[in-house]
Every structure is written in C-alpha cells, then in structure tokens.
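Beneath this line is the structure, given in structure tokens, with notes to follow.
There are 2 protein chains.
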Amino acid sequence: MPYLLLKEVPRYECLQAAAARVPGADPSICQLFLNILHTGDVVSQGEATFLARHGLNQARLIVLVLLDNSENGNMRSSELAEHASVSRATITGLLDTLEKAGFVQRTDDVRDRRASCVKITSKGRELLHKVQPLLVRWTEGILSALSAREQSQLVALLRKTQKAFSERCGHSNS
Amino acid sequence: MPYLLLKEVPRYECLQAAAARVPGADPSICQLFLNILHTGDVVSQGEATFLARHGLNQARLIVLVLLDNSENGNMRSSELAEHASVSRATITGLLDTLEKAGFVQRTDDVRDRRASCVKITSKGRELLHKVQPLLVRWTEGILSALSAREQSQLVALLRKTQKAFSERCGHSNS
DNA sequence: TGGTGATAATAAGGCGCCTGATTATTTGTT
DNA sequence: AACAAATAATCAGGCGCCTTATTATCACCA
Numbered sequence: 001m002p003y004l005l006l007k008e009v010p011r012y013e014c015l016q017a018a019a020a021r022v023p024g025a026d027p028s029i030c031q032l033f034l035n036i037l038h039t040g041d042v043v044s045q046g047e048a049t050f051l052a053r054h055g056l057n058q059a060r061l062i063v064l065v066l067l068d069n070s071e072n073g074n075m076r077s078s079e080l081a082e083h084a085s086v087s088r089a090t091i092t093g094l095l096d097t098l099e100k101a102g103f104v105q106r107t108d109d110v111r112d113r114r115a116s117c118v119k120i121t122s123k124g125r126e127l128l129h130k131v132q133p134l135l136v137r138w139t140e141g142i143l144s145a146l147s148a149r150e151q152s153q154l155v156a157l158l159r160k161t162q163k164a165f166s167e168r169c170g171h172s173n174s
Numbered sequence: 001m002p003y004l005l006l007k008e009v010p011r012y013e014c015l016q017a018a019a020a021r022v023p024g025a026d027p028s029i030c031q032l033f034l035n036i037l038h039t040g041d042v043v044s045q046g047e048a049t050f051l052a053r054h055g056l057n058q059a060r061l062i063v064l065v066l067l068d069n070s071e072n073g074n075m076r077s078s079e080l081a082e083h084a085s086v087s088r089a090t091i092t093g094l095l096d097t098l099e100k101a102g103f104v105q106r107t108d109d110v111r112d113r114r115a116s117c118v119k120i121t122s123k124g125r126e127l128l129h130k131v132q133p134l135l136v137r138w139t140e141g142i143l144s145a146l147s148a149r150e151q152s153q154l155v156a157l158l159r160k161t162q163k164a165f166s167e168r169c170g171h172s173n174s
C-alpha cells in the first residue's frame, strides 16, 4: 500500500466535477465537503500504515490504551466495546486477534461466570509504550507544517463541522 | 446504524487522554490530529448512511458518475479502476454488484476480446440523476452552518494538511 | 424455590475492499 | 510465423468490521 495518498486524488476530482454539473449547486460547499472526506482519508490511511508496521490498527490500539489505563489492568469486554465505540461482537474479534498475538489475555471472572476479565500482557504494554510516543512524534512531525494559529483555527472549524453534522444529520436527512 | 455520530466520541476522547500522557507530547497537535480523524469519520459515515438509502456507497457512486460522464457512456473496467482509485480486482466486484442491481451492463468489446465495455443503464442514469442533486443539497444543508469565510478558510487549511501528509508521509515515517 | 427476563460473550454469516495468482488475448520481435 | 512479454479481466482467499442469532449465566420476584 505505497501510493495511497496520491491514489486518492482522482476520485475526489471526479466527484467535484460531477457536483459542479448539478444545477444550482454551490461549488465551494461541494469542494469543502470533498476536501473534508479526502483529508480524512489521507490522515487515517497514514495512521493505518504507520500502525500496521507494528501489527496494529486504530481499533486494536484503542483496546490496548483502554486496558493500559484501567485501574487494575482488567476490564470486561463489554466495557471495552463501549469505550472503544464498537459492538460487543466486534470486540470479540479484536480481542481474538490481540490474544493470538500475545498482547492481551482473557481469564474467567470468578464473580460472574458469564464474563471474562481482559488484561493487557507485559508484551502488550511494551508494544504500546513503544508505539504511542512514536505515533505522537510522527503526528507532530507532519502537522507542525501548520502554524500554531492555523492549528487552532483548524480545530475550531472542524469542531463546528462535527457539530453541524451531529445536529443536522440525525433524522431529517432526506 | 442510528447513533454513529455520538458513538464515535468516546473513542477519540480516550486517545486524546492517552496522547496527553506521553512525555513531551504537544497536546494541541494531538487534538488536531484526532479532530481531523473524527471529522472524517463523522462526514464519511453521514455520506455512507445517506447513500445506503439508495443502495449505493461512495465507490459505487463514483463508478456511476464516471460512466455517466464518459463520452459514449462506455468505459473499460481498467479505466474505471484508475479513475475511481481502486484496484482492478476491486472494480470487478463493484461492477458485479452494480450489474446485479441493473445499474450497469457489461458487453464484450469487439476490438479487443480480452476487454469488456461497461455501460451505465437507463436505470443507473435515473438513479444517479436523482441521487446527485439530493446529495448536493444534503451537503449544503449541513455545511451552510459555516459562513462563506469559514468555509474557504477550512478548505485552505485542509489542503495544507493534505499537502503536509503527502510530503512527509511518503517513505520516511519512522 | 423455581421460573422469567436481562445480560455477557460468542458464533454465524454478510459486505466491502484488499493482494496475489490465473486465464485469455494481444502486441512486438525476430 | 512463432513465441515471449505485456495487458484485460477475473478468481481465490484474507481481513476487518458489521448485524443478528445463540448459549451460558445471573438477578429478581411471585
């Protein structure tokens, strides 16, 4: 997966051109829409590629982060699902993968025999404590291309965008 | 898939908190990074939900757009793959789906017996010409929450972000 | 005390997209 | 004319995540 970033370009150009052909369309809004999508693609693709080098993806990383921060290093899979924002069925698969790789361990919960305790292993902790600073530095290395002022402007605008979608996207989207 | 937008929140909060714990990390950059990802999720999820109501997703929409805009309404699948930014194998699957739904049609190419001509059907055109304006209006309805000035600022900042990733993400990302 | 409904986790099966291998056909070389 | 290399499309198999159904266990209350 080497040239993903360039690869994504024609796709959005084509959609932009198509949107421009819709009668009455506001091209600048279409452009904004597509740029948000494109940027999201580029960034999440970059993150995915970065994490893949360590055998991770965002979902698995979050599970490790959650376990690492839990008080006793012990969590229910349902708790994990909730905090990681995935379904319980999905968390089962994520944990399967992580367990197979030796990053987490499941043990029976003695207080509730339906449940199991999920724990991060020392190997998992080691990986996490190696990867997290690398990820942060990688991010900083890239985004420092924006000035501090630009960064805060961008955050503010993104928040406003998120809010707009949350409010107007709920039910009434014809 | 009703509450996806809210669902995505805790995930990024947790990553933000974790990043803040990395020694020497710049919390504002981490915040920016996560907000870009989050916004991308929210917007693409919204688009996906919108398109799903019409039996489409972004990839399939692009294929229809490309076919609709081709001069004679006829394209090779390899051309489609290139312009839609997916692999040739993927385009085969997309076309299978679209053909089954009656939106496109494959016919043999008489000039090159390896190839096939892909064409949008009248049903496909009808769908496209119904969905595209709806999508544009939906987008406008949401993003008009931002003023024209904010919109253009945001586009500029997103472009700068894309550029930063394209330039610094290529090979040297440790 | 037993039975009913909630709850924890998993299994089963689907979808979309990927990479890498395969089959037909064409093009270029000698 | 014959054969090697390139090319078009597809197949096979994998991954990640989803939704829905299933199994085991628990908690409540008549």
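In order, the protein sequences belong to chains G and R. Going letter by letter, the first sequence gives residues 1 to 174 in the working numbering. Going letter by letter, the second sequence gives residues 1 to 174 in the working numbering. By construction, the Cβ of each residue, glycine as well, lies at the ideal position given by its N, Cα and C atoms.
| Check | Outcome |
| --- | --- |
| Contact set between the segment 37-51 of chain G and chain R, restricted to residues whose Cβ is under 9 Å from the partner | 37, 38, 39, 40, 41, 42, 43, 44, 45, 46, 47, 49, 50 |
| Interface residues of the segment 63-84 of chain R facing chain G [CB-CB below 9 Å] | 65, 66, 68, 69, 82, 83, 84 |
| Cβ-based contacts, 7 Å cut-off: residues of the segment 11-40 of chain R near chain G | 11, 14, 15, 18, 19, 22, 25, 26, 28, 29, 30, 31, 32, 33, 35, 36, 37, 38, 39, 40 |
| With 16 other Cβ atoms within 10 Å as the buried cut-off, status of residue 72 of chain R | exposed |
| Straight-line Cα distance separating residue 47 of chain R from residue 55 of chain R | 12 Å |
| DSSP-derived helix/strand/coil call for residue 108 of chain R | strand |
| Interface residues of chain R facing residue 168 of chain G [CB-CB closer than 8 Å] | 141, 142, 145 |
| Closest by C-alpha distance to residue 137 of chain G, when choosing among G/149, G/85, G/124, G/50 | G/50 |
| Neighbourhood of residue 119 of chain G by C-beta, 6 Å cutoff - its chain only, sequence neighbours within 5 removed | 73, 74, 105 |
| Residue 31 of chain G versus residue 57 of chain G: straight-line alpha-carbon distance, rounded | 29 Å |
| Where residue 5 of chain G falls, given that 16 or more other Cβ within 10 Å makes a residue buried | Reliability fails at residue 5 of chain G, whose pLDDT of 41 lies under 50, so the model's placement of it is uncertain and the value that follows must be treated cautiously. Answer is buried; the Cβ neighbour count reaches 16. |
| Between the CA atoms of residue 162 of chain R and residue 40 of chain G - distance to the nearest angstrom | 9 Å |
| For residue 116 of chain G: DSSP bridge partner residues | G/108 |
| Neighbour-count burial assignment, residue 89 of chain G, 16 or more Cβ in a 10 Å radius | exposed |
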